[in-house]
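Counting from 1, one number per residue, gives the positions in the sequence shown under the UniProt record's numbering.
Each residue gets a CB set at the ideal place from its N, CA and C atoms; glycine is no exception.
Since this is a predicted model, take the numbers as computed values, not measurements.
These notes concern the structure reproduced below.
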Amino acid sequence: MKFSTKEDIDAPIDAVFDMLCEFDQFERAAMRRGAEVQRVDRLAEAGPGMQWEAAFDMRGKRRELQVEMDRFDRPTEMKLNTRSQGLTGDMSFDLVALSRSRTRIMVALELKPQNLSARLLVQSLKLAKNSLTKKFKKRVGDYAKDMEDRYHKPR
């Protein structure tokens, strides 16, 4: 099951990529939504090998998730791999400089079931694909707008 969207941001590509690298902000946002998130690697710099463990409730069941940074090519690409009970996923962020002060970000998420119960979960998600796609696009759009606002905010 795949979701993808793109947004244009009124900020330079380096600034957008730097804001995508504010991992502690993503951790706090997940915690505000009720997830437990913990970074488990010991890397000093952002890059491949960064790892997180998360736990959250979804559809009445506790889910545990491992996330690992697979690709990190500043300032154009970032890819995360996820593993959960019977489900794997890839999330990619691709950035393209449209001009010196404008960036296009393309975000894609692909979920792949690995066993029968995960297939049933993905099948139930497919029934709600339209509403999930709208939520995905809205979240990415809201975050893109937030990045734009932060970039233009007087310091």
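Query                                                                                                                      : Result
Ordered list of beta strand (DSSP E) runs contained in the segment 92-139, each at least 3 residues                        : 102-113
Spatially closest choice to L87 from F26, L111, W52 and L95, by CA coordinates                                             : L111
Contact set for R83: own chain, Cβ-Cβ below 6 Å, skip 5 residues either direction                                          : Q66
The segment 3-18 touching the segment 33-42, judged by at least three CB pairs closer than 8 Å                             : no
For K145, three-class secondary structure by DSSP                                                                          : helix
Beta-carbon contacts of K137 that lie in its chain and below 7 Å, excluding the five residues immediately before and after : T5
From L80, L95, K126 and S92, residue whose alpha carbon lies closest to that of W52                                        : L80
Whole-angstrom distance between M78 and G49, CA atom to CA atom                                                            : 12 Å
Rounded C-alpha distance that separates D73 from K2                                                                        : 23 Å
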